[in-house]
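Here is the structure:
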């Protein structure tokens with residue numbers, strides 16, 4: 001795994017970046033301002049929790065970490081990398097153990113008023129779910145109290161879209177690609193069969209439900225922005241809009257930013273200024 005610039009690796013999925021010495025000259029005063037004015041004029045996030053999409057390459061994730069170091073240079077960034085393993089074979093206990101360092105850092109903060117959460121795709125949503133459960137147990141508060149950016153998420157478990165997502169994480173070499181394609185295909189078929197014969201929510205429906213669960217909600221009006229596209233071949237627009245509508249009905253302040261023609265998690269690439277504007281407006285309370 002290629003290292004990301006200026007990040008300290010905590011374990012195989014959690015990385016931490018503090019502001020550099022030149023960036024952090026005003027960190028102490030900025031954090032004090034954030035704690036008293038969070039979401040108001042002059043306040044900036046103290047911590048950014050970035051939950052990446054499935055098995056994303058470091059060079060692609062770095063576009064977003066660089067974006068945040070420029071946008072909010074005094075914020076520390078907790079990066080948690082999601083992937084295929086969390087859906088197909090990594091146990092819940094193993095997932096909880098891996099995210100526990102991130103939860104520890106978050107739990108040491110006073111509350112969610114100085115936290116900005118950025119969720120990317122279904123893998124980021126699944127990571128959010130694992131972190132939230134442990135965070136709720138630890139603090140009694142939900143991660144959904146924080147200002148949250150939802151990029152290409154959350155979707156639903158559909159065979160074709162799920163296979164499309166998984167195929168992008170396969171190696172390019174022919175033999176291992178074919179071998180893993182067969183293995184993943186069999187696993188997906190087994191999951192699909194299980195969903196037909198076993199009652200209850202599937203993985204992504206469970207994640208979607210938890211994201212809109214009011215348990216641990218400190219107050220109504222927490223801000224959330226959904227950034228999505230009509231051309232996403234993995235996350236359907238209807239799935240995003242349905243989740244956003246439910247969130248709004250339960251008390252979240254919701255903003256929808258719909259792109260035209262951008263690919264899955266490709267909205268920042270298509271129009272970076274619009275993307276940045278959505279983040280700024282959501283943090284500062286510009287959402288309706």
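In full-length UniProt numbering, the protein residues as written are 1 to 288. From the three backbone atoms N, C-alpha and C, an ideal C-beta is built for every residue, glycine too. A quick note: this is a predicted structure, and the numbers were derived from the prediction, not measured.
Query raised in the report: Which whole runs of the beta strand (DSSP E) in the region 206 to 269 are 3 residues long or more, in chain order?
Result: Within the region 206 to 269, the beta strand (DSSP E) runs of at least 3 residues that lie entirely inside it are, in chain order, 223 to 229 and 253 to 259.
Requested in this report: Pull up the distance between the alpha-carbon of residue 226 and that of residue 153, whole angstroms please.
Outcome: Indexing the chain shown from 1 puts residue 226 at position 226. Indexing the chain shown from 1 puts residue 153 at position 153. If you take the alpha carbons of residue 226 and residue 153, they lie about 7 Å apart.
Query - Cβ separation of residue 116 and residue 19, assumed to be a contact under 8 Å, to the nearest whole Å - result: Sequence index remark: in the chain shown, residue 116 carries index 116 (1-based). Sequence index remark: in the chain shown, residue 19 carries index 19 (1-based). Actually they are not in contact, since the Cβ atoms of residue 116 and residue 19 sit about 15 Å apart, beyond 8 Å.
Query raised in the report: Are the beta-carbon atoms of residue 125 and residue 119 separated by less than 9 Å?
Result: Here residue 125 refers to the residue found at position 125 when the chain shown is read from its first residue. Here residue 119 refers to the residue found at position 119 when the chain shown is read from its first residue. Yes, Cβ-Cβ distance for residue 125 and residue 119 is below 9 Å.
Query raised in the report: With a CB to CB cut of under 7 Å and the five nearest residues on each side skipped, what residues in its chain are close to residue 87?
Result: In the chain shown, the residue the question calls residue 87 occupies position 87. Closer than 7 Å at Cβ, skipping near neighbours: 126 and 203.
Report task. Output the distance between the C-alpha atoms of residue 145 and residue 251, rounded to the nearest integer angstrom. Result -> Counting from 1 along the chain shown, the entry for residue 145 is found at position 145. Counting from 1 along the chain shown, the entry for residue 251 is found at position 251. Going by C-alpha positions, residue 145 is about 11 Å away from residue 251.
Report task. Spatial neighbours of residue 278 within its chain, please: CB distance less than 8 Å, with the 5 preceding and 5 following residues excluded, ordered by chain position. Result -> Taking the chain shown and counting its residues from 1, the one referred to as residue 278 is at position 278. Excluding sequence neighbours, residue 278 sits near 149, 225, 227, 255 and 257.
Query - Spatially closest choice to residue 220 from 248, 210 and 239, by CA coordinates - result: For this step, residue 220 is matched to residue 220 along the chain shown. It is 248.
**Report entry** Nonlocal neighbours in the same chain, by C-beta distance under 6 Å from residue 222, ignoring five residues either side
**Finding:** On the chain shown, residue 222 is found 222 positions in, with the first residue counted as 1. Around residue 222: 145 and 252.
Query - the region 6 to 19 / the region 74 to 81 touching (three or more Cβ pairs under 8 Å) - result: Contact between the region 6 to 19 and the region 74 to 81 is present, because at least three Cβ pairs lie under 8 Å.
Report task. May I have the straight-line CA-CA distance separating residue 156 from residue 241, to the nearest angstrom? Result -> Along the chain shown, read from residue 1 onward, the residue named residue 156 stands at position 156. Along the chain shown, read from residue 1 onward, the residue named residue 241 stands at position 241. The C-alpha of residue 241 is placed about 12 Å away from the C-alpha of residue 156.
Query raised in the report: Where DSSP assigns a beta bridge to residue 151, which residues make up the other side?
Result: Against the chain shown, residue 151 aligns to sequence position 151. Bridge partners of residue 151 according to DSSP: 120 and 227.
Report task. Provide the residue span of the alpha helix (DSSP H) that contains residue 98, from first to last. Result -> To locate residue 98, count along the chain shown from 1; it is residue 98. First-last of the alpha helix (DSSP H) with residue 98: 92 to 107.
Query raised in the report: For the 8 Å Cβ check, are there 3 or more pairs between the region 101 to 113 and the region 43 to 61?
Result: Touching, per the Cβ criterion.
Query raised in the report: Any idea if residue 54 is buried or exposed, counting beta-carbon neighbours within 10 angstroms, 16 or more meaning buried?
Result: Taking the first residue of the chain shown as position 1, residue 54 is located at position 54. Answer is buried; the Cβ neighbour count reaches 16.
Query raised in the report: Taking the alpha-carbon positions, what's the residue 94 to residue 206 distance?
Result: Residue 94 sits at position 94 when you count from the first residue of the chain shown. Residue 206 sits at position 206 when you count from the first residue of the chain shown. Near 18 Å, if we compare the C-alpha coordinates of residue 206 and residue 94.
Requested in this report: Give me the Cβ distance between residue 265 and residue 121, rounded to the nearest whole Å; I'm assuming they're in contact under 8 Å.
Outcome: Residue numbering aside, residue 265 sits at position 265 when the chain shown is read from its first letter. Residue numbering aside, residue 121 sits at position 121 when the chain shown is read from its first letter. Between residue 121 and residue 265 the Cβ distance is about 6 Å, and since that is below 8 Å, they are a contact.
Query raised in the report: By Cβ distance, which residues of its chain are closer than 7 Å to residue 218, with the 5 residues on each side in sequence left out?
Result: Within the chain shown, numbered from 1, the residue matching residue 218 stands at position 218. 141 and 145, listed in sequence order.
Query raised in the report: Of all the options 270, 43 and 69, which has the alpha carbon lying nearest to the alpha carbon of residue 283?
Result: Taking the first residue of the chain shown as position 1, residue 283 is located at position 283. Distances from the CA of residue 283 to each of 270, 43 and 69 were compared; the closest alpha carbon is that of 43.
Query raised in the report: Between which two residues does the beta strand (DSSP E) containing residue 52 stretch?
Result: Taking the first residue of the chain shown as position 1, residue 52 is located at position 52. DSSP places residue 52 inside the beta strand (DSSP E), whose first and last residues are 47 to 52.
**Report entry** residue 34 in three-state terms, based on DSSP
**Finding:** Translated into positions along the chain shown, residue 34 becomes position 34. With a pLDDT of 43 at residue 34, under the threshold of 50, the modelled position of this residue cannot be trusted, and the question is left open.
Query raised in the report: By Cβ distance below 7 Å, which residues in the same chain neighbour residue 208 in space, the five residues on each side in sequence not counted?
Result: Numbered from 1 along the chain shown, position 208 holds the residue referred to as residue 208. Close CB contacts of residue 208 within its chain, under the 7 Å cut and outside five residues either way in sequence, are with 154 and 243 (chain order).
Query raised in the report: For the alpha helix (DSSP H) that contains residue 365, what are its first and last residues?
Result: What the structure shows of the chain is the stretch from 1 to 288, and residue 365 is not part of that stretch, so it cannot be assessed.
Report task. Give me whichever residues DSSP pairs with residue 175 in a beta bridge. Result -> For the purposes of this step, residue 175 is identified with residue 175 of the chain shown, where counting begins at 1. BP columns for residue 175 are empty, so no partner.
Requested in this report: Compute the beta-carbon to beta-carbon distance between residue 229 and residue 259, rounded to the nearest angstrom, for a pair I have assumed lies under 8 Å.
Outcome: Counted from its first residue, the chain shown places residue 229 at position 229. Counted from its first residue, the chain shown places residue 259 at position 259. Going by Cβ atoms, the distance from residue 229 to residue 259 rounds to 4 Å, so yes, they are a contact pair.
Report task. Throw me the rounded Cβ distance for the residue 52 and residue 4 pair, which I believe falls under 8 Å. Result -> As a first step, residue 52 must be located in the chain shown, where it is residue number 52. As a first step, residue 4 must be located in the chain shown, where it is residue number 4. Actually they are not in contact, since the Cβ atoms of residue 52 and residue 4 sit about 10 Å apart, beyond 8 Å.
Query raised in the report: Excluding the five sequence neighbours on either side, which residues of its own chain have a C-beta within less than 6 Å of the C-beta of residue 289, listed in chain order?
Result: The chain is shown from 1 up to 288; residue 289 falls before or after that span and cannot be answered.
Query raised in the report: With residue 99 and residue 131 assumed to form a contact (beta carbons below 8 Å), what rounded beta-carbon distance in angstroms separates them?
Result: Indexing the chain shown from 1 puts residue 99 at position 99. Indexing the chain shown from 1 puts residue 131 at position 131. Correct: roughly 5 Å between the Cβ atoms.
Query raised in the report: In terms of alpha-carbon separation, which member of 138, 174 and 101 lies closest to residue 8?
Result: To locate residue 8, count along the chain shown from 1; it is residue 8. That would be 101, whose Cα lies nearest to the Cα of residue 8.
Report task. Have a look at residue 63 and residue 109 and give me their C-alpha separation to the nearest angstrom. Result -> Reading the chain shown from its first residue, position 63 is the one you call residue 63. Reading the chain shown from its first residue, position 109 is the one you call residue 109. Approximately 26 Å, taken between the alpha carbons.
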